[in-house]
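Student:
In this note's numbering, the protein residues as written are 17 to 529.
#1: Which residue from 117, 132 and 96 puts its Cα closest to that of residue 106?
#2: Quick one: complete beta strand (DSSP E) runs, 3+ long, within the segment 22 to 102?
#3: Measure the beta-carbon distance from residue 208 to residue 186 and round it to whole angstroms, keeping in mind my assumption that it falls under 8 Å.
#4: Using only the alpha-carbon positions, how far apart do residue 299 and residue 337 sit?
#5: Find the nearest neighbour of residue 507 within the set 524, 487, 494 and 176, judged by alpha-carbon distance.
#6: Do you know offhand how far residue 46's Cα is from residue 89's?
#7: Cutting at 6 Å between CB atoms, please list the residues of its own chain near residue 160, excluding the five before and the five after it.
#8: Please name the residue, chosen from 431, 458 and 275, that lies closest to residue 447 on a Cα-to-Cα basis.
#9: Taking 7 Å as the cut-off, decide whether the C-beta atoms of residue 136 and residue 456 are in contact.
#10: Check whether the Cβ atoms of residue 498 and residue 489 sit closer than 7 Å, and answer yes or no.
#11: Report all residues from its chain with a CB closer than 7 Å to the CB of residue 306; omit the five preceding and five following residues, and keep chain order.
#12: Would you kindly work out how many angstroms separate the C-alpha atoms of residue 91 and residue 204, rounded to a whole number?
#13: Could you tell me which of 349, 263 and 252 sits nearest to residue 235, measuring between CA atoms?
#14: Can you give me the C-alpha to C-alpha distance between residue 153 and residue 335, rounded to a whole angstrom?
#15: Give me the DSSP bridge partner(s) of residue 301.
#16: If you run the structure through DSSP and keep just helix, strand and coil, what is residue 385?
#17: What three-state label does DSSP hand residue 129 in the structure shown?
#18: On a Cα-Cα basis, can you pick out the residue from 164, 214 and 510 that is closest to residue 478?
#19: Tell me whether the segment 286 to 295 and the segment 215 to 227 touch, counting them as touching only if at least three CB pairs, one residue from each stretch, are closer than 8 Å.
#20: Take residue 330 and list the residues in its own chain whose beta-carbon comes closer than 7 Å to its own, dropping the five residues that flank it on each side.
#21: Leaving aside the five residues before and after residue 532 along the sequence, list all residues of the same chain whose C-beta is less than 8 Å from its C-beta, in chain order.
#22: Report yes or no: do the segment 259 to 274 and the segment 116 to 130 share at least 3 C-beta pairs separated by less than 8 Å?
#23: In terms of residue numbering, what span does the beta strand (DSSP E) encompassing residue 261 cover?
#24: Taking buried to mean at least 16 other C-beta atoms within 10 Å of its own C-beta, is residue 421 buried or exposed?
#25: Chain C beta carbons: is any one of them nearer than 7 Å to that of residue 354?
#26: Go to residue 517, then tell me how far its alpha helix (DSSP H) extends in each direction, as first and last residue.
#27: Assign residue 64 to buried or exposed, taking buried as 16 or more other Cβ atoms, counted over all protein chains shown, within 10 Å of its Cβ.
#28: Taking three-plus beta-carbon pairs below 8 Å as touching, is the segment 155 to 173 in contact with the segment 348 to 360?
#29: In whole angstroms, what is the alpha-carbon distance linking residue 148 and residue 142?
#30: Classify residue 427 as buried or exposed, calling it buried when 16 or more other Cβ atoms lie within 10 Å of its own Cβ.
#31: Does DSSP classify residue 111 as helix, strand or coil?
#32: Assuming residue 332 and residue 158 are in contact, meaning their beta carbons sit under 8 Å apart, how far apart are those beta carbons, in whole angstroms?
#33: So what does DSSP say about residue 170, is it helix, strand or coil?
#34: Between which two residues does the alpha helix (DSSP H) holding residue 218 run?
#35: Residues in its own chain within less than 7 Å of residue 357 by CB, not counting five upstream and five downstream?
#36: Does the Cβ-Cβ distance between residue 191 and residue 302 come in under 7 Å?
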């Protein structure tokens, strides 16, 4: 089966659906790959790299699409491209099925199977093919870069000979994939970062990245399905607006990412909040394509109101085309890998696979959007706790004072006998040995657990001394017993040395980048 990658025709679109590296992976699955000339140039992938990877170049979109069994695109096809795709082929792209009923009908009428990559369910197994999250990650990063470009100051605070420069204050509304990416980027640039989200479970993620998580007085869970937020009550929204009005007096940059699936973006940053912000402030609205979270947002435009710059760019991922294309191409490779179980170049649109079923919007002339609701496993019923039977503790047997006296008397007698019969140097060495055991036990016992791994570096040195002494005894005295004991000492010391070095090496790797 032939995979065709045409050049993107949407205005401002610089991404491409395949990278030279992904072409090799697709060929390993049994596919032949054809690509339109210049398709990857805007993403810094020249035609020569595709040829070296094994792809065949086509002069134009007509030559490319006419032989396609599978078409990989970034944006949805226009009418001209749709006419060129053969009946029975499979289209994979961002299709926006919830807003594009007319496109789905055209695809069904022409018997073109279609998979919308943004409809892949957000389940653990499908993370490798989740193109929407990949693009959101880049959009969040790029939002901070665009804000920094428009902002007239440093992000990080500085103290210079010319005076003190305060750090920028950044507010991120919505802590999804894009929001977390924006938080991490702004924090790494030295800004003071605050974040707000209606889902309480993201608080830990926000704070782990060094940002402050803002809350309102009303307790209400905004967690929806698929990792999205749900629409909140009027009381919660009123409290939220009051919080934002207070923040508008302080923050320099606002990045909004709030979306509700299938609905227009909620208005969160209102006109009076923009007017409250200081001149030179910046608002980046990542929800501009769905109407925007800010009152003044205009799709794909830069607007200045009351001295505040509002950016409504709808395709921020395309502004980092090389990285976006690489990640998107990898996501598509994972999707096609799951659809090609035999690796023979023939795909299987298997509706038993939850990820493939969720992405498929048209199959064999029938519109299959929307997909069925994801199956949620019911929690197993909790077992009733069995009544605990109280067991009377057995009385502890106390040692008899006479037995203790007898033990120490025998031990003392043995030591005296050993002292009289053994050489003087043996007694001295034995005394040092006993004291070493006692002191060593006391030292190790009181060491914190966090220091046990570094402590192995010290024990390696001690074991080295032990093994040298044992090696000197092997065969030196001619005594069989001494030789056996020396061999055992070498064995155990070697285990400690090699094991210690192995664990120490793993510990040091944790501190390397």
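Note that the Cβ used here is the ideal one computed from N, Cα and C, for glycine as well.
Tutor: Let's see:
#1: 132
#2: 48 to 52, 72 to 74 and 86 to 88
#3: 7 Å
#4: 23 Å
#5: 487
#6: 20 Å
#7: 198, 201 and 202
#8: 431
#9: no
#10: yes
#11: 275, 280 and 281
#12: 32 Å
#13: 252
#14: 13 Å
#15: 272
#16: coil
#17: strand
#18: 510
#19: no
#20: 304, 305, 315 and 316
#21: For residue 532 there is no data in the structure shown, the boundaries of the chain being 17 and 529.
#22: no
#23: Run containing residue 261: none in the beta strand (DSSP E); it sits in the alpha helix (DSSP H), 250 to 264.
#24: exposed
#25: The question asks about chain C, but that chain is absent: this structure has only one protein chain.
#26: 496 to 525
#27: exposed
#28: no
#29: 11 Å
#30: exposed
#31: coil
#32: 4 Å
#33: coil
#34: Taken as a continuous stretch (DSSP letters only), residue 218 belongs to no alpha helix (DSSP H), as it is neither H nor E.
#35: 364
#36: no
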